[in-house]
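K.L.:
Residue numbers (UniProt numbering): 1 to 299.
#1: Going straight from the alpha carbon of residue 39 to that of residue 272, what length do you get?
#2: Applying the criterion that 16 or more other CB atoms from any shown protein chain within 10 Å of the CB defines a buried residue, is residue 158 buried or exposed?
#3: Using CA coordinates, which residue listed in 250, 224, 257 and 34 is at the minimum distance from residue 181?
#4: Per DSSP, what kind of secondary structure is residue 2 in: helix, strand or coil?
#5: Whose C-alpha, out of 203, 164 and 277, is nearest the C-alpha of residue 228?
#6: Could you tell me the distance, in whole angstroms, from the CA atom of residue 12 to the CA atom of residue 143?
#7: What does the alpha-carbon distance come out to for the pair residue 134 and residue 188?
#8: Is residue 266 helix, strand or coil when you go by DSSP?
#9: Residue range of the alpha helix (DSSP H) that residue 168 falls in?
#10: Mapping the DSSP letters down to three states, classify residue 186 as helix, strand or coil.
#11: Using 8 Å for Cβ pairs, my map puts residue 96 next to residue 67. What's the rounded Cβ distance?
#12: Quick one: using the 10 Å Cβ neighbour count with 16 as the cut-off for buried, is residue 32 buried or exposed?
#13: Could you round the C-beta distance between residue 197 and residue 162 to whole angstroms and report it? I think they count as a contact, below 8 Å.
#14: Rounded to a whole number of angstroms, what is the C-alpha to C-alpha distance between residue 235 and residue 147?
#15: Can residue 69 and residue 59 be called in contact, C-beta distance under 8 Å?
#16: For residue 34 and residue 14, which I take to be in contact (beta-carbon distance under 8 Å), what is that distance rounded to the nearest angstrom?
#17: In the DSSP assignment, find the unbroken alpha helix (DSSP H) run with residue 282 in it and report its ends.
#18: Taking the beta carbon of residue 92 as the centre, do at least 16 other beta carbons fall within 10 Å, making it buried, or is it exposed?
#19: If you count every other CB in all the chains shown that lies within 10 Å of the CB of residue 10, and 16 or more means buried, which is it?
#20: Put residue 92 into one of helix, strand or coil per three-state DSSP.
#21: Run through DSSP, which three-state label would residue 121 get?
#22: Spatial neighbours of residue 289 within its chain, please: CB distance less than 7 Å, with the 5 preceding and 5 following residues excluded, ordered by chain position.
#23: DSSP state of residue 299, grouped into three classes?
#24: Where do the ends of the alpha helix (DSSP H) carrying residue 101 lie?
#25: Between the alpha carbons of residue 26 and residue 20, how many angstroms are there, rounded?
#26: Just tell me which of 206, 8 and 266 has its CA closest to the CA of residue 77.
#27: Exposed or buried, what is residue 301 when buried is set at 16 or more other beta-carbons lying within 10 Å of its beta-carbon?
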């Protein structure tokens with residue numbers, strides 16, 4: 001027989017204060033309702049819980065034992081209720097590659113979910129992926145490996161391209177696009193091998209038979225810009241614009257093999273909880289992945 005929690009809580013209210021009047025006021029129900037619910041509980045199990053022979057409400061031996069059990073049960077239920085309610089006001093953690101579209105996502109977040117706090121970290125794609133798998137972030141904005149982990153739910157957020165970064169005085173500065181093969185023999189500045197963009201760059205070097213002179217590897221987009229501006233070499237990075245916006249010159253590559261897909265992802269289990277499911281749906285329904293210029297840099 002499944003116990004009726006409402007009836008049990010009515011007993012708990014009366015037993016705690018030893019008064020039907022006070023208990024009814026605390027439970028926001030009528031006194032006859034409390035009386036009926038407790039009598040139903042007693043009848044269902046054939047156990048007297050309240051002693052009604054005196055001028056005040058008292059407990060039988062069974063009632064005292066049940067009250068002790070109820071205290072821990074309802075303390076636990078109150079903690080569960082507090083936890084569930086807190087999920088609607090908790091913070092949402094987002095790890096993202098460095099890109100301009102993050103601002104769009106945060107605008108959607110603050111406009112659609114003003115009661116929530118959004119904590120953002122910018123990381124390379126490989127670290128974003130690790131954070132998702134280790135549950136240290138709720139959502140990730142990243143380039144995914146060719147075979148994404150099956151526990152992730154994800155969708156294409158936008159499609160960018162690799163870009164070549166040159167200074168304003170560089171001979172290529174007036175061009176909008178170049179062939180990747182034109183990097184042959186050029187001095188090149190690259191990002192860390194840990195990033196998905198770097199892996200795509202290396203694949204294109206191999207696929208297109210390009211032998212470039214790699215003069216520097218850096219982990220900082222800002223440092224790459226400084227080196228390019230000083231004429232050390234041509235920067236090659238995942239193009240989506242923060243870096244090209246500062247530098248002013250970002251040349252896209254003509255080859256389709258230089259396309260780079262950026263995804264919005266989370267663990268599938270996160271979507272069971274309503275706030276996470278709602279936020280995932282808002283981002284998916286608000287950003288067209290094919291209606292965006294290449295505006296920032298991902299690593």
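Don't be surprised by glycine CBs; every beta carbon is placed ideally from N, CA and C.
For clarity, every value in this text was computed on a predicted model and none was experimentally measured.
P.N.:
According to the structure data:
#1: What you label residue 39 is simply residue 39 of the chain shown in a count that begins at 1. What you label residue 272 is simply residue 272 of the chain shown in a count that begins at 1. If you take the alpha carbons of residue 39 and residue 272, they lie about 39 Å apart.
#2: Here the question's residue 158 lines up with position 158 in the chain shown. With 16 or more Cβ atoms within 10 Å of its Cβ, residue 158 is classed as buried.
#3: Residue mapping note: residue 181 aligns to position 181 of the chain shown, counting from 1. Per the Cα distances, 257.
#4: Within the chain shown, numbered from 1, the residue matching residue 2 stands at position 2. Three-state DSSP puts residue 2 in coil, outside helix and strand.
#5: One-based indexing of the chain shown puts residue 228 at position 228. Cα-wise, what sits closest to residue 228 is 164.
#6: If you number the chain shown from 1, residue 12 lands on position 12. If you number the chain shown from 1, residue 143 lands on position 143. Approximately 55 Å, taken between the alpha carbons.
#7: Along the chain shown, read from residue 1 onward, the residue named residue 134 stands at position 134. Along the chain shown, read from residue 1 onward, the residue named residue 188 stands at position 188. Using only the alpha carbons, I get a separation of about 35 Å.
#8: Locating residue 266 in the chain shown gives position 266, where the first residue counts as 1. Residue 266 sits in a strand when the DSSP states are folded into three classes.
#9: One-based indexing of the chain shown puts residue 168 at position 168. Residue 168: not part of any alpha helix (DSSP H); DSSP gives it neither H nor E.
#10: Along the chain shown, one-based indexing puts residue 186 at 186. Reduced to three states, the DSSP call for residue 186 is coil.
#11: As a position in the chain shown, residue 96 is number 96, starting the count at 1. As a position in the chain shown, residue 67 is number 67, starting the count at 1. About 52 Å separates the two Cβ atoms, so there is no contact after all.
#12: In the chain shown, counting from the first residue as 1, residue 32 sits at position 32. Residue 32 comes out exposed.
#13: If you number the chain shown from 1, residue 197 lands on position 197. If you number the chain shown from 1, residue 162 lands on position 162. With a Cβ gap of about 7 Å, residue 197 and residue 162 count as contacting.
#14: Numbered from its first residue, the chain shown carries residue 235 at position 235. Numbered from its first residue, the chain shown carries residue 147 at position 147. Using only the alpha carbons, I get a separation of about 28 Å.
#15: As a working note, residue 69 is residue 69 in the chain shown. As a working note, residue 59 is residue 59 in the chain shown. Contact flag unset, no.
#16: To locate residue 34, count along the chain shown from 1; it is residue 34. To locate residue 14, count along the chain shown from 1; it is residue 14. Between residue 14 and residue 34 the Cβ distance is about 6 Å, and since that is below 8 Å, they are a contact.
#17: Indexing the chain shown from 1 puts residue 282 at position 282. Here the alpha helix (DSSP H) through residue 282 covers 274-286.
#18: For the purposes of this step, residue 92 is taken as the residue at position 92 of the chain shown. Answer is buried; the Cβ neighbour count reaches 16.
#19: As a first step, residue 10 must be located in the chain shown, where it is residue number 10. The residue is buried, with at least 16 neighbouring Cβ atoms inside 10 Å.
#20: On the chain shown, residue 92 is found 92 positions in, with the first residue counted as 1. In this structure, residue 92 counts as strand in the three-state DSSP scheme.
#21: In the chain shown, counting from the first residue as 1, residue 121 sits at position 121. Looking at residue 121 - three-state DSSP - the assignment turns out to be strand.
#22: If you number the chain shown from 1, residue 289 lands on position 289. 156, 157, 158 and 159.
#23: As a first step, residue 299 must be located in the chain shown, where it is residue number 299. Below a pLDDT of 50, predicted positions are generally treated as unreliable, and residue 299, at 45, falls in that range; the measurement from the model is reported next regardless. Correct three-state label for residue 299: coil.
#24: Residue 101 sits at position 101 when you count from the first residue of the chain shown. Per DSSP, residue 101 belongs to the alpha helix (DSSP H) from 101-112.
#25: The residue you call residue 26 lines up with position 26 of the chain shown. The residue you call residue 20 lines up with position 20 of the chain shown. Cα-Cα distance, rounded: 10 Å.
#26: For this step, residue 77 is matched to residue 77 along the chain shown. Per the Cα distances, 8.
#27: Nothing can be reported for residue 301: it is not among the residues displayed for the chain, which extend from 1 to 299.
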